[in-house]
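Student:
There are 2 protein chains.
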Amino acid sequence: MKRKLSIIDIAKHLNISTTTVSFILNGRAKEKRISDELVERVLKFVEEVGYKPNVLARSLRTGKSNIIGLLVESIANPFFANIARLIENNAYKNGYKIIYSSTENDTEKTKQILSIFRERHVDGYIIAPPEGIEEEVTSLIKSGSPVVLFDRFLENVPGVDFVGVNSVQSIYTGMKHLVLEGYKNIGFVTLDSLQSQMQDRLHGYEQATAEFKLTEHVKEVSYNQSSENIVRQIVSFLKRKRDLDAIVFATNYLGISGLRAIKELGLKIPEDIGVLVFDDNELFELYTPSITSIAQPIEKISDQVISLLLKRLDQQEIDPQNERIILDTELTVRDSSSGRK
Amino acid sequence: MKRKLSIIDIAKHLNISTTTVSFILNGRAKEKRISDELVERVLKFVEEVGYKPNVLARSLRTGKSNIIGLLVESIANPFFANIARLIENNAYKNGYKIIYSSTENDTEKTKQILSIFRERHVDGYIIAPPEGIEEEVTSLIKSGSPVVLFDRFLENVPGVDFVGVNSVQSIYTGMKHLVLEGYKNIGFVTLDSLQSQMQDRLHGYEQATAEFKLTEHVKEVSYNQSSENIVRQIVSFLKRKRDLDAIVFATNYLGISGLRAIKELGLKIPEDIGVLVFDDNELFELYTPSITSIAQPIEKISDQVISLLLKRLDQQEIDPQNERIILDTELTVRDSSSGRK
DNA sequence: CTGAAAGCGCTAACAC
DNA sequence: GTGTTAGCGCTTTCAG
Chain W
1 MKRKLSIIDI
11 AKHLNISTTT
21 VSFILNGRAK
31 EKRISDELVE
41 RVLKFVEEVG
51 YKPNVLARSL
61 RTGKSNIIGL
71 LVESIANPFF
81 ANIARLIENN
91 AYKNGYKIIY
101 SSTENDTEKT
111 KQILSIFRER
121 HVDGYIIAPP
131 EGIEEEVTSL
141 IKSGSPVVLF
151 DRFLENVPGV
161 DFVGVNSVQS
171 IYTGMKHLVL
181 EGYKNIGFVT
191 LDSLQSQMQD
201 RLHGYEQATA
211 EFKLTEHVKE
221 VSYNQSSENI
231 VRQIVSFLKR
241 KRDLDAIVFA
251 TNYLGISGLR
261 AIKELGLKIP
271 EDIGVLVFDD
281 NELFELYTPS
291 ITSIAQPIEK
301 ISDQVISLLL
311 KRLDQQEIDP
321 QNERIILDTE
331 LTVRDSSSGR
341 K
Chain P
1 MKRKLSIIDI
11 AKHLNISTTT
21 VSFILNGRAK
31 EKRISDELVE
41 RVLKFVEEVG
51 YKPNVLARSL
61 RTGKSNIIGL
71 LVESIANPFF
81 ANIARLIENN
91 AYKNGYKIIY
101 SSTENDTEKT
111 KQILSIFRER
121 HVDGYIIAPP
131 EGIEEEVTSL
141 IKSGSPVVLF
151 DRFLENVPGV
161 DFVGVNSVQS
171 IYTGMKHLVL
181 EGYKNIGFVT
191 LDSLQSQMQD
201 RLHGYEQATA
211 EFKLTEHVKE
221 VSYNQSSENI
231 VRQIVSFLKR
241 KRDLDAIVFA
251 TNYLGISGLR
261 AIKELGLKIP
271 EDIGVLVFDD
281 NELFELYTPS
291 ITSIAQPIEK
301 ISDQVISLLL
311 KRLDQQEIDP
321 QNERIILDTE
331 LTVRDSSSGR
341 K
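For the record, the sequence lines run as chains W and P. Residue numbering for the first sequence follows the working numbering, starting at 1 and increasing by one per position. Residue numbering for the second sequence follows the working numbering, starting at 1 and increasing by one per position.
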């Protein structure tokens with residue numbers, strides 16, 4: 001194949017210096033007061049021969065890569081997949097490329113990935129963090145790379161931005177809805193996780209049970225189980241708690257496993273048991289009966305995340321201020337919570 | 001933060017030359033007959049100070065990046081999301097990093113992404129190609145970058161590998177199943193697309209209708225519609241074809257839209273209409289009634305794709321042979337195709 | 001066995 | 001306004 005031309009080739013061909021070419025290509029012609037005529041001549045030639053600067057060389061020289069690292073829990077989770085797609089589109093428009101990875105909520109794996117990203121001179125990070133990476137994130141920020149967290153927060157990381165939803169309030173509102181529909185004995189299935197968003201969802205449940213004078217029935221499913229295992233755990237929870245008349249699932253996939261469990265036990269929704277799930281899913285709309293859920297504003301989250309990061313990327317100095325953006329969710333009432341008939 | 005150390009720093013500190021350090025770090029000590037004692041000393045020091053080679057500089061010098069570019073139709077599609085995750089894990093184990101992007105089946109966007117990947121000196125490509133990028137792929141291969149296609153094929157691209165499923169046979173088998181269940185008037189909803197896999201699925205349908213002496217009823221939904229639009233088109237198709245007793249959907253999301261359409265029309269599955277969908281989905285198992293589907297072997301596809309690419313990456317010269325791996329699908333019979341009662 | 005040194009392609013300080 | 005040139009950090013040829 002035709003060898004890649006370099007900036008030298010094009011400078012030589014035009015009998016000018018590489019500096020001039022470089023300035024023109026980087027849009028600093030005006031600033032350097034290079035004649036319009038020359039600028040045009042260079043641009044035209046570059047276009048003609050299809051010259052593309054070598055990004056690697058540029059990055060090596062400038063220390064910038066125009067790449068944003070995105071770390072989600074799992075790209076196979078629709079919530080994260082959709083966020084990823086929206087962020088990617090948006091980043092593209094701003095000249096940034098996204099490179100993503102799934103953490104699988106594995107602290108060690110996450111640390112590794114961060115170190116790889118760092119090696120590649122990623123300019124900024126968007127992370128749905130697993131537990132235990134406060135130190136790494138702090139060090140990233142200290143060394144000048146902006147980091148925006150989303151979905152869950154990390155405490156005590158100066159200068160980190162965050163975009164999330166008001167989990168406590170969301171679950172509380174959902175619980176209130178169930179109570180108003182006449183449910184009196186509501187269980188809560190969550191993950192055995194210390195991540196902030198999971199804790200918040202639990203607090204929302206506790207707040208509601210306290211306020212409405214309900215008994216608490218919490219099941220904490222342990223992390224990173226196979227989905228069969230999760231179903232089994234929920235089945236046994238439901239068997240133990242025969243008097244539950246409704247159940248709230250703290251995540252998308254807990255909800256799906258919950259539906260399996262309920263089906264397995266032959267319980268009727270919403271007569272035998274009311275169902276509410278945090279985080280919406282196409283399945284919930286189409287399921288029979290349709291499942292009431294708390295939908296997160298995916299577009300808004302993506303927009304906020306990327307614009308926050310771009311803002312940080314723009315400003316030179318490190319700003320130790322944290323920015324926290326908390327968005328509202330939407331309770332989508334469907335058939336699964338319409339009370340005991 | 002502490003400045004990154006370079007290979008020079010470590011050479012200086014140990015009073016040896018950078019060459020030696022480089023050789024040792026790249027595992028060429030034996031070959032260069034460097035004393036074990038020295039090797040160990042260097043390795044120990046490197047470990048101690050946590051030195052990491054600058055990947056950018058290395059790439060600039062060697063022209064290799066250890067990055068594989070992965071192009072899927074949409075990362076929000078569960079089929080692709082799962083494949084992406086599996087491929088990523090596997091690539092990691094082999095020292096490669098994946099960078100992915102969604103094409104949205106947009107030829108122009110895809111060309112752009114390819115050019116960006118190329119700029120970044122991506123070592124190899126895994127692509128679920130949209131139509132019309134034969135030229136770009138050919139040029140990629142000619143310039144020495146291996147390309148593995150999956151899900152759909154591109155004709156006339158020498159040296160490109162492919163991993164896919166036997167779509168014709170799969171749909172044919174599905175049709176046969178419907179016929180055996182007593183369905184006689186089977187419609188086929190597909191995409192208005194020339195992509196090879198879509199054409200194959202259509203051929204499977206045509207082959208079956210011919211063999212079983214059925215009338216053809218094909219609806220080609222046009223590309224890149226909103227899901228509301230797709231539902232509308234399917235609704236009007238079903239209204240026009242009142243005498244259909246079963247329907248086959250050629251993709252995952254057509255199937256989901258189809259279920260919406262059927263619900264909207266108040267038709268009962270499987271009594272009023274039998275349903276079969278190509279490509280499985282969690283939804284299909286949980287839907288009431290559960291939906292019969294043709295499942296693709298996601299793990300096998302991912303394994304084959306990555307091992308094919310790694311093989312190519314290993315061999316130096318360009319091999320103009322194509323390798324085509326065709327895998328079997330699995331017909332998962334559920335309630336939606338159990339015949340008219 | 002080890003070291004000197006020539007780049008990979010680009011940017012930008014500095015000189016004119 | 002434009003050219004010279006010193007690196008960015010690494011690999012690798014060639015000479016001892």
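Note that the Cβ used here is the ideal one computed from N, Cα and C, for glycine as well.
#1: Would you kindly report the start and end of the unbroken beta strand (DSSP E) that includes W/GLU104?
#2: Beta-carbon within less than 8 Å of W/LEU154's beta-carbon, same chain only, minus the 5 sequence neighbours each way: which residues are those?
#3: What does W/ILE256 touch in chain P if you count any residue whose Cβ is under 8 Å from its own?
#4: Out of W/GLN321, W/GLN207 and W/LEU43, which one is the CA nearest neighbour of W/ILE10?
#5: Would you kindly work out how many angstroms separate the C-alpha atoms of P/LEU38 and P/LEU14, rounded to a whole number?
#6: Would you mind sorting W/GLN233 into buried or exposed? The rule is 16 or more other CB atoms within 10 Å of its CB.
#7: Give a yes or no on whether the minimum CB-CB distance between P/LEU60 and chain W is below 7 Å.
#8: Out of curiosity, what's the CA-to-CA distance linking W/ARG58 and W/GLY95?
#9: Is it buried or exposed for W/THR215, if we count other Cβ within 10 angstroms and need 16 for buried?
#10: Going by beta carbon distance, what residues of the same chain come within less than 7 Å of P/GLY63, once the five residues before and after it are set aside?
#11: Taking C-beta to C-beta, are W/ILE291 and W/VAL305 nearer than 7 Å?
#12: So, with DSSP's three-state summary, where would you put W/SER293?
#13: Can you find the residues in the same chain that come closer than 7 Å, C-beta to C-beta, to W/GLU108, ignoring five residues on each side of it along the sequence?
#14: So for W/ASP272, helix, strand or coil by DSSP?
#15: Per DSSP, P/ASN150 is paired with what?
#16: Kindly provide the ranges of any beta strand (DSSP E) runs that are 3 or more residues long and lie completely inside the segment 178 to 222 of chain W, ordered along the chain.
#17: What span of residues does the beta strand (DSSP E) with P/THR288 cover, start to end?
#18: With the cut-off set at 7 Å, would you say P/ILE99 and P/ILE127 are in Cβ contact?
#19: Listed in chain order, which residues of the segment 37 to 59 of chain W have Cβ atoms closer than 9 Å to some Cβ of chain P?
#20: Can you find at least 3 beta carbon pairs, one from the segment 295 to 315 of chain P and one from the segment 256 to 266 of chain P, that sit closer than 8 Å?
#21: Measure the beta-carbon distance from W/THR103 to W/ILE116 and round it to whole angstroms, keeping in mind my assumption that it falls under 8 Å.
#22: Going by beta-carbon coordinates alone, are P/SER337 and P/GLY258 separated by less than 7 Å?
#23: May I ask you to list the residues that DSSP assigns as paired with P/ARG242?
#24: For P/ILE343, count neighbouring Cβ atoms within 10 angstroms of its own Cβ and tell me buried if that reaches 16, exposed if not.
#25: Going by other Cβ atoms of all chains shown within 10 Å of its Cβ, with 16 needed for buried, is P/ASP279 buried or exposed?
#26: If you reduce the DSSP assignment to three classes, tell me which class P/TYR51 lands in.
#27: Counting only C-beta atoms, is P/LEU331 closer than 7 Å to chain W at any point?
#28: List, in order along the chain, the chain P residues whose C-beta lies closer than 8 Å to that of W/ARG260?
#29: Find the residues of chain P that neighbour W/ILE363, judging by a C-beta separation of less than 8 Å, and give them in chain order.
#30: Does W/PHE116 come out as helix, strand or coil in the three-state DSSP assignment?
#31: Check the Cβ-Cβ distances between W/ALA81 and every residue of chain P, and say whether any is below 7 Å.
#32: Taking its Cβ as the centre, do 16 or more other Cβ atoms sit within 10 Å of P/MET1, making it buried, or is it exposed?
#33: Answer with yes or no whether the minimum CB distance from W/ARG85 to chain P is below 7 Å.
#34: Roughly how many angstroms separate the alpha carbons of P/GLN207 and P/SER145, rounded to a whole number?
#35: Starting from W/ALA91, find everything on chain P with Cβ-Cβ shorter than 7 Å and list it in chain order.
#36: Tell me P/LYS97's beta-bridge partners as DSSP assigns them.
Tutor: Per the coordinate set shown:
#1: Position 104 of the first sequence, counted from the first residue, corresponds to residue 104 of chain W. From DSSP, W/GLU104 is part of no beta strand (DSSP E); its letter is neither H nor E.
#2: Within the first sequence, residue 154 of chain W is the residue found at index 154, counting from 1. For W/LEU154, where only same-chain residues beyond five positions count, the Cβ hits under 8 Å are PRO129, ILE133, GLU134, VAL137, VAL160 and SER196.
#3: One-based indexing of the first sequence puts residue 256 of chain W at position 256. The answer, in chain order, is GLU282 and LEU286.
#4: As a working mapping, residue 10 of chain W is identified with position 10 in the first sequence. Taking only the C-alpha atoms, the option nearest W/ILE10 is W/LEU43.
#5: Working through the second sequence from its first residue, we reach residue 38 of chain P at position 38. Working through the second sequence from its first residue, we reach residue 14 of chain P at position 14. Going from the Cα of P/LEU38 to the Cα of P/LEU14 covers about 10 Å.
#6: The residue you call residue 233 of chain W lines up with position 233 of the first sequence. It counts as buried.
#7: Against the second sequence, residue 60 of chain P aligns to sequence position 60. Closer than 7 Å to the CB of P/LEU60 there is at least one CB belonging to chain W.
#8: Position 58 of the first sequence holds residue 58 of chain W. Position 95 of the first sequence holds residue 95 of chain W. A straight-line Cα-Cα distance of about 15 Å links W/ARG58 and W/GLY95.
#9: Against the first sequence, residue 215 of chain W aligns to sequence position 215. Exposed is the call here.
#10: Position 63 of the second sequence, counted from the start, is the residue given in the question as residue 63 of chain P. Hits under 7 Å: HIS121.
#11: Numbered from its first residue, the first sequence carries residue 291 of chain W at position 291. Numbered from its first residue, the first sequence carries residue 305 of chain W at position 305. No.
#12: Counted from its first residue, the first sequence places residue 293 of chain W at position 293. Residue state, collapsed to three classes: strand.
#13: Along the first sequence, one-based indexing puts residue 108 of chain W at 108. Correct list: empty, nothing qualifies.
#14: One-based indexing of the first sequence puts residue 272 of chain W at position 272. Three-state DSSP puts W/ASP272 in coil, outside helix and strand.
#15: If you number the second sequence from 1, residue 150 of chain P lands on position 150. Note that residue 150 of chain P is Phe in the sequence shown, not Asn. DSSP output for P/PHE150 lists P/VAL163 as bridge partner(s).
#16: 186 to 191 and 217 to 221
#17: Looking up residue 288 of chain P in the second sequence gives position 288. Element bounds for P/THR288: n/a, residue is neither H nor E.
#18: Here residue 99 of chain P refers to the residue found at position 99 of the second sequence. Here residue 127 of chain P refers to the residue found at position 127 of the second sequence. Not in contact: P/ILE99 and P/ILE127 (Cβ atoms no closer than 7 Å).
#19: LYS52, PRO53, ASN54, VAL55, LEU56, ALA57 and SER59
#20: no
#21: The sequence position of residue 103 of chain W within the first sequence is 103, counting from 1. The sequence position of residue 116 of chain W within the first sequence is 116, counting from 1. Not confirmed; about 13 Å, so no contact.
#22: Counted from its first residue, the second sequence places residue 337 of chain P at position 337. Counted from its first residue, the second sequence places residue 258 of chain P at position 258. No, they are not a contact pair.
#23: Within the second sequence, the letter at position 242 stands for residue 242 of chain P. For P/ARG242, DSSP assigns no beta-bridge partner whatsoever.
#24: Outside the displayed span of chain P (1 to 341) sits residue 343 of chain P, for which this structure offers no information.
#25: Reading the second sequence from its first residue, position 279 is the one you call residue 279 of chain P. Classification for P/ASP279: buried.
#26: Taking the first residue of the second sequence as position 1, residue 51 of chain P is located at position 51. Correct three-state label for P/TYR51: coil.
#27: Residue numbering aside, residue 331 of chain P sits at position 331 when the second sequence is read from its first letter. No - not a single Cβ of chain W is within 7 Å of the one on P/LEU331.
#28: To locate residue 260 of chain W, count along the first sequence from 1; it is residue 260. Result: LEU286.
#29: Here chain W covers residues 1 to 341 and nothing more, so residue 363 of chain W does not appear.
#30: Here residue 116 of chain W refers to the residue found at position 116 of the first sequence. A small fix is needed here, since residue 116 of chain W is Ile in this sequence, not Phe. Collapsing the DSSP output to three states places W/ILE116 in a helix.
#31: The sequence position of residue 81 of chain W within the first sequence is 81, counting from 1. So yes, W/ALA81 belongs to the interface.
#32: The residue you call residue 1 of chain P lines up with position 1 of the second sequence. With a pLDDT of 37 at P/MET1, under the threshold of 50, the predicted position of this residue should be treated as unreliable, and no value is reported.
#33: Within the first sequence, numbered from 1, the residue matching residue 85 of chain W stands at position 85. Yes, because at least one Cβ of chain P sits closer than 7 Å to the Cβ of W/ARG85.
#34: By one-based count along the second sequence, residue 207 of chain P stands at place 207. By one-based count along the second sequence, residue 145 of chain P stands at place 145. Distance between the alpha carbons of P/GLN207 and P/SER145 is about 38 Å.
#35: Here residue 91 of chain W corresponds to residue number 91 of the first sequence, with the count starting at 1. The premise fails here: W/ALA91 is roughly 11 Å from chain P at the closest Cβ pair, so nothing lies under 7 Å.
#36: One-based indexing of the second sequence puts residue 97 of chain P at position 97. Answer is P/ILE67, bridged to P/LYS97.
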